Amino acid sequence: MGVANLFIIVLFAWFNIFASLTNAETHYHQFIVGAMPVTRLCRTHNIISVNGQFPGPTITVRNGDSLVVRVLNRAQYNVTIHWHGIRQMRTPWADGPEYVTQCPIQPGATYTYRFKIENQEGTLWWHAHSRWLRATVYGALIILPKPGSSFPFSKPMLDVNIMIGEWWNRNVLDVMRQALFTGAAPNVSDAYTINGQPGDLYRCSRQGTFKVSVTPGETVLLRVINAALNQELFFTVANHRLTVVGNDAAYAKPFTTRVIMVGPGQTTNVLLTADQRPGRYYMAARAYQTAQNAGFDNTTTTAILEYRNSRTRSSTRAVFPTLPSFNDTATVTAFTRQMRSNPAFGKVPTSVDENLFFTVGLGFFNCPPGPRCQGPNNTRFSASMNNVSFVLPRRTSLLQAYYNKIPGVFTTDFPPVPPVQFDYTGNVSRALWQPRRGTKLYKIKFGSRVQIVLQDTAIGTTEDHPIHLHGYHFFVVAQGFGNFNPRTDTGKFNLVDPPVRNTINVPIGGWSVIRFIADNPGVWLMHCHIDSHLTWGLGMAFVVENGNGKSQSVEPPPADLPPC
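When you line the sequence shown up against mature numbering (1 follows the signal peptide of the UniProt record, and there is no 0), it's residues -24 to -1, 1 to 540, in that order.
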């Protein structure tokens, strides 16, 4: 290659880099958190929302843009906002989980979240990360390609958010408090919602049902977000096929399906072509329920896909889809096994420096019979990872304690493997049902290649657990049922094009294996995204630091960080 040609190539590359930097924007938003009256299911009561909207405002940015969001808390409760799935490279103070990266924003106070979107495109979302406020405090976060770039699929003619939530006919914090007082499972929700509306199948709800109008032949991008507090969900559209093109702000190799399953915290982008007879068709979501003998909301939420110029009257009943059974794990398995990542995302670590094995599941604390001991067989529900039931601090956040070297807030002895090995998915001895409470973190050296086996247990019941890792996305190199066996299961790893996620479903009575590179210093929470499980202790946190163990690998906290 001639010198002149080489010079032109280098100059062109620098021009593209400069253009991407100069085209990046900083978006400013103000979130006012407060109470508002909302009527659903024939009842009116106050909920906590953002800017008087339910769901909250959608934020739309491009890859490479920056966000500055000032949060003013006018509610009567403490609150934080988590930007679910954002990597927060070098900005851990903006991640948002209360008492992990910050103390909560107290009533009347403000805090400004500042962060940049780096190498992420697709659908994410934001939500409260303080107690159970995220039941109504949530909204979509859409990341479009950089200027001059495009989707790796034909541009859809219509782009629609589908946020699926849960609704209670009472103050959701009262539901949480009652469960914490009694030690029993919380009351289940009264409805599911699509974009804040329960849909035609519930009382007093038909008028508000969310509708999407399409022209025959149009392609629609549906950005499906499971914002439910405690429930995994099936989603489908009557008579239409869905082409999956992305998950958790990572493009996927397209595949077609009739139904998808989304766990709490997960997002799935699907393309739908309006290729059916003009008319009205239900979109519907209902529970995927795996815990045995556990109560759950068995209702169905709906929205309507309606064709323009259709002679079908609005009073004509829409076509209803076929949904899987509540416990149809075979459909979930067939769906997840089709997922593959876009090769452009990056290379999977083929070797590991940290090989961790975490059990995830329920547990029980023994207690004297009485009003505070109403769990199974006179116990209180708990949950744990590696037999440690996670306890959040209250006098400071974990990140502040780490950065300022405050003693006595946490220890760094979280076990890398279960303290006791047992038949995880078999008949577990009652001697192993009670975990230990603790605020235990696990240290990882910056740059390490990390593998974590996430293993479900049969303590109480086997169950599908959606596990979310803050500050990272990861490769899901394998999943299976039963107990993970490194001798026989390692050979099944997909190290070529595994799916990329920030929240992964650990199968009922099974396991998932994830890999990532620890390239983001800070303190990062990993937890089950079923909020009742997190409340019971199903979580832990990592400290990712440089080779010298210096907290200065994390940038100084912002001046307006909320006090504790």
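Every residue gets a Cβ at the ideal spot worked out from N, C-alpha and C, and that includes glycine. On a predicted model such as this, the values are computed, not experimentally measured, just so you know.
Which value, in whole angstroms, describes the spacing of the CA atoms of residue i and residue j?
i        : j       : result
Pro80    : Pro539  : 8 Å
Asn537   : Arg371  : Residue identity differs from the one stated: residue 537 is Leu in this sequence, not Asn. Approximately 14 Å between the Cα atoms of the pair.
Val55    : Met516  : 21 Å
Pro534   : His105  : 19 Å
Asp399   : Asn459  : 7 Å
Thr305   : Arg262  : 14 Å
Thr88    : Leu48   : 9 Å
Gly384   : Pro369  : 10 Å
Asn27    : Thr2    : 20 Å
Gly414   : Ser365  : 6 Å
Met139   : Leu281  : 15 Å
His58    : Pro192  : 39 Å
Gly61    : Asn353  : 39 Å
Gln154   : Tyr418  : 32 Å
Asn(-9)  : Ala(-1) : Its pLDDT being 49, under 50, Asn(-9) is placed unreliably in this model, and the value from its coordinates should be taken loosely. Their Cα atoms are separated by approximately 12 Å.
Cys349   : Phe157  : 8 Å
Ala85    : Gln52   : 11 Å
Thr99    : Leu43   : 16 Å
Arg463   : Ala454  : 14 Å
Val317   : Phe186  : The identity of residue 317 in the sequence shown is Ser, whereas the question assumes Val. If you take the alpha carbons of Ser317 and Phe186, they lie about 31 Å apart.
Tyr264   : Ser424  : 36 Å
Trp102   : Tyr114  : 6 Å
Arg107   : Thr511  : 8 Å
Leu109   : Thr20   : 18 Å
Met502   : Thr292  : 47 Å
Tyr267   : Leu514  : Note that residue 267 is Ala in the sequence shown here, rather than Tyr. Taking the straight line from one Cα to the other gives about 15 Å.
Pro319   : Glu97   : 14 Å
His5     : Thr34   : 11 Å
Phe450   : Gly271  : 32 Å
Val(-15) : Lys323  : At Val(-15), the pLDDT of 42 sits below 50, so the modelled position is not reliable; the number obtained from the coordinates is stated separately. The straight-line gap from Cα to Cα measures roughly 25 Å.
Tyr75    : Asp273  : 30 Å
Rounded C-beta distance between residue i and residue j? I'm assuming under 8 Å.
i           : j      : result
Gly467      : Trp487 : Contact flag wrong, Cβ pair sits at about 15 Å.
Ile24       : Val9   : 6 Å
Val200      : Thr244 : 5 Å
Asn496      : Leu445 : Between Leu445 and Asn496 the Cβ distance is about 11 Å, and since that is not below 8 Å, they are no contact.
Phe357      : Ala160 : 7 Å
Ile119      : Asn39  : 6 Å
Phe127      : Pro121 : 6 Å
Leu218      : Thr233 : 6 Å
Gln78       : Gly447 : With 8 Å as the limit, Gln78 and Gly447 do not qualify as a contact, their Cβ atoms being about 14 Å apart.
Thr438      : Thr401 : 6 Å
Lys242      : Asn202 : Before going on, a small fix: residue 242 reads as Gln here, not Lys. Confirmed, about 5 Å.
residue 543 : Val190 : No answer is possible for residue 543: it lies beyond the span of the chain, which begins at -24 and ends at 540.
Pro13       : Asn22  : 6 Å
Asp440      : Val336 : Between Val336 and Asp440 the Cβ distance is about 10 Å, and since that is not below 8 Å, they are no contact.
Gly239      : Asn481 : 5 Å
Thr307      : Val235 : 6 Å
Are the CB atoms of residue i and residue j nearer to each other than 7 Å?
i           : j      : result
residue 570 : Phe91  : This structure gives no information on residue 570, because the portion of the chain shown stretches from -24 to 540.
Phe386      : Leu374 : yes
Val452      : Pro475 : yes
Asn137      : Asp166 : no
Ala359      : Leu338 : yes
Ala111      : Val148 : yes
His505      : Pro442 : yes
Met361      : Phe311 : no
Met259      : Ala228 : no
Val295      : Tyr257 : yes
Pro297      : Asn363 : no
Ala250      : Glu194 : yes
Hey, out of the options, whose CA is closest to residue i's CA?
i           : options                        : result
Val328      : Ile119, Ala407, Lys421, Leu100 : Lys421
Leu471      : Pro73, Phe492, Val404          : Phe492
Asn342      : Leu109, Thr276, Trp409         : Trp409
Asp473      : Gly239, Met315, Phe272, Lys416 : Met315
Leu198      : Asn274, Leu248, Phe157         : Leu248
Val519      : Gln242, Gln64, Val499, Asn354  : Val499
Lys381      : Asp465, Thr276, Val530         : Val530
Ala434      : Leu156, Val404, Gly28          : Val404
residue 541 : Asp135, Pro240, Asn303         : The displayed coordinates of the chain run from -24 to 540. Any statement about residue 541 would go beyond what the structure contains.
Arg287      : Pro192, Pro344, Arg313, Gly255 : Gly255
Gln427      : Pro392, Gln52, Arg406          : Pro392
Arg406      : Gly436, Pro462, Trp108, Pro394 : Gly436
Phe211      : Asn522, Ser301, Gln252, Thr292 : Ser301
Pro325      : Arg253, Ala494, Asn481         : Ala494
Phe321      : Asn95, Leu299, Gln183, Arg19   : Asn95
Pro123      : Val489, Arg182, Asp41, Leu430  : Asp41
Gly351      : Pro68, Pro162, Val151          : Pro162
Tell me, please, whether the region 175 to 186 touches the region 208 to 225 by the rule of three or more beta-carbon pairs shorter than 8 Å.
no
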